[in-house]
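Undergrad:
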Amino acid sequence: MAAADRIPSLIASHVDITYQVHGAKKAAAPVADPDDESLLAGLFKKGRDLATQQKVEAVKDVSFVAYHGESIGIIGRNGSGKSTLLRALAGVIPPTRGDIWINGEPALLGVNAVLMSKLSGERNVYIGGQAMGLSRSQVRERFDEIVDFSGIGQAVYRPMSTYSSGQAARLRFAISTAASPDILMIDEALATGDADFRERSTAKVAEIREQASTVFLVSHSNSTIRQICSRVIWMDKGRLIADGPTEEVVAAYEKTLPKKAVASKPAPAPVQDAPVQGAPPPAEV
Ligand SMILES: Nc1ncnc2c1ncn2[C@@H]1O[C@H](COP(=O)(O)OP(=O)(O)OP(=O)(O)O)[C@@H](O)[C@H]1O
0 MAAADRIPSL IASHVDITYQ VHGAKKAAAP VADPDDESLL AGLFKKGRDL ATQQKVEAVK
60 DVSFVAYHGE SIGIIGRNGS GKSTLLRALA GVIPPTRGDI WINGEPALLG VNAVLMSKLS
120 GERNVYIGGQ AMGLSRSQVR ERFDEIVDFS GIGQAVYRPM STYSSGQAAR LRFAISTAAS
180 PDILMIDEAL ATGDADFRER STAKVAEIRE QASTVFLVSH SNSTIRQICS RVIWMDKGRL
240 IADGPTEEVV AAYEKTLPKK AVASKPAPAP VQDAPVQGAP PPAEV
């Protein structure tokens, strides 16, 4: 498809996200004798210093345009700002600076926040489905489909607290994708579950993409990224340092990783015609 024919689904322009952290900078010095006024005065003086405010610049000056029909992986080391960026793209947290325009309804695969472990899977399907924008009757219509997709069977009638982490992850995935959102954002969820579920969830993501939607996937699993994504954004210390076809960006990223972390042989890259923007940093091996 020619670039001019592509329809933007999301535009991020110079996005910064800074967390304000309130907390203690360092512990107070131990007081040898609490009755000693000079020591107490010293402690109070120190106490004023304890209530500090720190800034964490999690995302710095990130800009890109996503198009309908793309599945975009977000990769990078721990703490590089992937989840923060995804949450901002989903509208869960506001950018500190810059703008995000979205054409469509985003859904962050993270119904986790609203699910309640003491309640049955069934109740959670309703709560989560409604949190994803479905009406109660729509959830009722899709209930069997959601449970079938999750593969948890009769366990759906047990409290979620009794589920294995794989069962819980599968149910979350099934709930989140039931709504066929315009823009689906997935944070690591595909890494969980067995091979069969991963295959089905990969197919589900492909189906969502085919409905001209956009999928964002944050993952540390480069094989999952290769399987699902046509384009990859590489984050490093809060900055977008490369954006382009999956194989080019993942291969460049892998060169910076210790050899043992690169587990699988690269799979053939999905077709993608966008050029890589930004030069990868030198390898650190
Ligand atoms: N709620 C928060 N308050 C303060 N700092 C935060 C908060 N959430 C994340 N951070 C910090 O922001 C930075 C980016 O974190 P983020 O979780 O976005 O990275 P990530 O690339 O998704 O990491 P990981 O791969 O480990 O999940 C880190 O330095 C992290 O400690």
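Residue numbers are given in numbering that gives the first Met the number 0: position 68 of the sequence shown equals residue 67, and the series is strictly consecutive. Even for Gly, the Cβ is constructed at its ideal location relative to N, Cα and C. All of these numbers come straight from a predicted model, not from anything done at the bench.
Thinking just about the alpha-carbon of each residue, which of R238, Q166, E198, E187 is nearest to the one in F63?
TA: Mapped onto the sequence shown, residue 63 falls at position 64. That would be R238, whose Cα lies nearest to the Cα of F63.
Undergrad: Candidates D15, Q52, H21, N77: which alpha carbon is nearest K59's?
TA: The count along the sequence shown starts at 1 and reaches residue 59 at position 60. The shortest C-alpha separation from K59 is found at D15.
Undergrad: Could you compute how far the alpha carbon of L256 sits from the alpha carbon of E121?
TA: Taking the first residue of the sequence shown as position 1, residue 256 is located at position 257. Taking the first residue of the sequence shown as position 1, residue 121 is located at position 122. Looking at the two C-alpha atoms, the distance is approximately 42 Å.
Undergrad: Any chance the segment 124 to 136 sits against the segment 204 to 215, with 3 or more Cβ pairs inside 8 Å?
TA: no
Undergrad: Ligand 1 heavy atoms versus the CB of A57: any closer than 6 Å?
TA: In the sequence shown, residue 57 corresponds to position 58, counting from 1. Yes, the Cβ of A57 comes within 6 Å of a heavy atom of ligand 1.
Undergrad: Between the segment 90 to 101 and the segment 162 to 173, are three or more C-beta pairs nearer than 8 Å?
TA: Flag = no, the segment 90 to 101 and the segment 162 to 173 do not touch.
Undergrad: Buried or exposed, going by whether 16 or more other CB atoms sit within 10 Å of the CB of E140?
TA: Counting from one through the sequence shown, the residue named residue 140 turns up at place 141. Exposed is the call here.
Undergrad: If you count every other CB in all the chains shown that lies within 10 Å of the CB of M234, and 16 or more means buried, which is it?
TA: Translated into positions along the sequence shown, residue 234 becomes position 235. Answer is buried; the Cβ neighbour count reaches 16.
Undergrad: For ligand 2, any of its heavy atoms closer than 6 Å to the Cβ of V20?
TA: Ligand 2 is not part of this structure, which contains only ligand 1.
Undergrad: What does DSSP give as the partner residues of E56 in its beta bridges?
TA: Counting from one through the sequence shown, the residue named residue 56 turns up at place 57. In the DSSP output, where bridge partners are listed per residue, E56 has T17.
Undergrad: Take R5 and list the residues in its own chain whose beta-carbon comes closer than 6 Å to its own, dropping the five residues that flank it on each side.
TA: As a working note, residue 5 is residue 6 in the sequence shown. Only Y66 meet the Cβ criterion.
Undergrad: If you draw a straight line from the C-alpha of I101 to the C-alpha of L133, how long is it?
TA: Mapped onto the sequence shown, residue 101 falls at position 102. Mapped onto the sequence shown, residue 133 falls at position 134. Their backbone Cα atoms lie some 20 Å apart in a straight line.
Undergrad: Closest to A57 by C-alpha separation, out of T161, G80, T51, F215, would be which residue?
TA: Indexing the sequence shown from 1 puts residue 57 at position 58. Considering only alpha carbons, the answer is G80.
Undergrad: Excluding the 5 residues preceding and the 5 following H21 in the sequence, name in chain order all residues of the same chain whose CB lies nearer than 6 Å to its CB.
TA: Here residue 21 refers to the residue found at position 22 when the sequence shown is read from its first residue. Q52.
Undergrad: Using a Cβ-Cβ cutoff of less than 7 Å, which residues in the same chain neighbour I145 once the five nearest sequence positions on both sides are dropped?
TA: As a first step, residue 145 is located in the sequence shown; it is residue number 146 there, counting from the start. So the list reads V124, A173, I174, A177, once near-sequence residues are dropped.
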